Structures are given as C-alpha cells and as structure tokens.
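Q: Before we start, here is the structure in question, set down as structure tokens.
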Amino acid sequence: MAPQVKITFARAALKDLEDVLEYYREQKVPNVGEKLVAEVIKDIELLAEQPEMGRMVPEFELDYLRELIRPPFRIVYRRDKGKVRIVRIWRSERLLLIR
7 MAPQVKITFA RAALKDLEDV LEYYREQKVP NVGEKLVAEV IKDIELLAEQ
57 PEMGRMVPEF ELDYLRELIR PPFRIVYRRD KGKVRIVRIW RSERLLLIR
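Numbering (our numbering), first residue to last: 7 to 105.
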C-alpha cells in the first residue's frame, strides 16, 4: 500500500463548500446540500492514497494541478510531494479561475 499524503484545504475551497450548504438551505432542502458535501469529502479522502487519480486541469495543463470530476462538481487540487491541497470545489459547468 502506498503511503498516505496529507490533505489540506485552501480557504477558497472551504468557502465553496459553505456556499453549497448555504444554497441548499436557501432552497429549503438543506439535506441535499449536506449529502452533496459529504460525497465531495468522501471523494477527497480517496486522494490520500491515490493523489494521481485526478486528471490534469485542461485550462492550465500543469501536471501538478489536477481535478476530480464528480458531477455536478469539479474538485480542483494541487498535488505536491507528500501532500494534496484542495484549491476549489466548483460546479462542473463553471470555468476555473484561480486567484
């Protein structure tokens, strides 16, 4: 078994998750938001053992910037030696902008 890598979250990624929860609260279906966020976290946890599993982000074509496509989300992360940093968690149809 491959050694696990450390996973951290950028502030923007945490805000993205908060925004998902808020949106579904406003729609009066908070359980939907909670379920979606739980699924995203479960997918992110897979990166601890399989940091290479995502594809290269086509907008940037940088080997270290990868994404998991988990409709309706794009989980964008930076892969470095021994660690993964979750950069953004966006709706799949949105273009990626990193500031």
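The beta-carbon is built from N, C-alpha and C at its ideal position, and this holds for glycine as well. This one's a predicted model, so the numbers in the text were calculated from it and none came from an experiment.
Give every residue of the same chain whose Cβ lies closer than 6 angstroms to the Cβ of Arg85, excluding the five residues on either side of it in the sequence, and list them in chain order.
A: Pro57, Tyr70 and Arg72
Q: Would you grab the beta carbon distance between Ile81 and Asp49 for me? Rounded to a whole angstrom, and I think it's under 8 angstroms.
A: 6 angstroms
Q: What do you get for Gly88, buried or exposed, if any count of 16 or more other CB atoms within 10 angstroms of its CB means buried?
A: Exposed is the call here.
Q: Can you have a look at Ile92 and say buried or exposed, based on whether 16 or more other CB atoms are within 10 angstroms of its CB?
A: buried
Q: Does the distance from the CB of Asp22 to the CB of Arg94 come in under 8 angstroms?
A: yes
Q: Go to Tyr30, then tell me how far its beta strand (DSSP E) extends in each direction, as first and last residue.
A: It is not in any beta strand (DSSP E) - Tyr30 instead sits in the alpha helix (DSSP H) that spans Arg17 to Glu32.
Q: If contacts are defined as beta-carbon pairs under 8 angstroms, then Leu74 and Gly60 qualify, I think. What distance do you get, rounded to the angstrom?
A: 5 angstroms
Q: Does Glu73 come out as helix, strand or coil in the three-state DSSP assignment?
A: strand
Q: Report back the beta-carbon spacing between Phe79 and Val46 to the nearest angstrom; my notes put them in contact at under 8 angstroms.
A: 6 angstroms
Q: Starting from Lys89, trace the alpha helix (DSSP H) both ways and give me its first and last residue.
A: Per DSSP, Lys89 belongs to no alpha helix (DSSP H); it is in the beta strand (DSSP E), Lys89 to Arg97.
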